[in-house]
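Okay, structure first, notes after.
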Amino acid sequence: MKRLYTTTATIGEEEYIFAATDKGLAYFDLVANNEDLAKFFKGYDVFVDDQKVAMYVQPLKDYFTQTGTTFSFPVDLIGTDFQKQVWQELHKIPYGTTITYSALAEKIGRPTAVRAVANAVGRNPLLIVVPCHRVLGKDGSLTGFRGGLLLKRRLLAIEGHTYS
């Protein structure tokens, strides 16, 4: 039986949901997005367990207050092999830097798969931790983000970028 442990926590003015497996944090998003965890975690039994997920909360609070820039806790990337390849490359994007979808596609050796890469970025279950907010359009513009463009703009501002 595969288990998923969840909790919610308020960070700033927003409430977030955390979900972890026994291997690490597997999901992080705004509660307001009302994502169906079953969409990401087919075949998992879900349990609310604040204690099991507690170790992931403070590092994310630190990120939002600009007292932390990296996450040293374990993650459990659950997706297709292609999605995991994209997410692992996203995970390498340093704090304070950005990349385009086409450059990301090139980095994984799939320069013609820009749309597939964009779809994988959009399915990233670990907002912020796997920094999909650092991916921009080819012209440097802000593009879609599951957390919404206001949050993407805010995350990039935390990291020293400003967009009007």
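Adding 32 to a residue's 1-based position in the sequence shown gives its number in the working numbering. Think of the CB as a built atom: it goes at the ideal place given N, C-alpha and C, for glycine as much as any other residue.
Does the distance from the CB of residue i to the CB of residue j come in under 8 Å?
| i | j | result |
| --- | --- | --- |
| residue 142 | residue 115 | no |
| residue 42 | residue 85 | no |
| residue 181 | residue 174 | yes |
| residue 69 | residue 160 | no |
| residue 50 | residue 157 | no |
| residue 128 | residue 192 | yes |
| residue 117 | residue 131 | no |
Could you tell me if residue i is buried or exposed, where buried requires 16 or more neighbouring beta carbons within 10 angstroms of its beta carbon?
| i | result |
| --- | --- |
| residue 177 | buried |
| residue 147 | exposed |
| residue 53 | buried |
| residue 145 | buried |
| residue 153 | buried |
| residue 179 | buried |
| residue 162 | buried |
| residue 133 | buried |
So for residue i, helix, strand or coil by DSSP?
| i | result |
| --- | --- |
| residue 138 | helix |
| residue 190 | helix |
| residue 113 | helix |
| residue 158 | strand |
| residue 68 | coil |
| residue 124 | coil |
| residue 83 | helix |
Sort out for me which residues DSSP pairs residue i with in a bridge.
| i | result |
| --- | --- |
| residue 49 | 40 and 61 |
| residue 34 | 76 |
| residue 168 | 132 |
| residue 107 | 57 |
Discussion item. Is it the case that the stretch 119-131 contacts the stretch 160-167, given that we only count it when at least three CB pairs across the two stretches are under 8 Å?
Written reply: Three or more beta-carbon pairs separated by less than 8 Å link the stretch 160-167 to the stretch 119-131, which places the two stretches in contact.
Discussion item. Using 8 Å as the cut-off, can you tell me whether the stretch 95-107 makes contact with the stretch 72-85, which would need three or more C-beta pairs spanning the two stretches below that distance?
Written reply: No contact exists between the stretch 95-107 and the stretch 72-85.
Discussion item. For the pair the stretch 49-65 and the stretch 105-112, tell me if three or more CB-CB distances fall below 8 Å.
Written reply: Cβ pair count under 8 Å is three or more, so yes.
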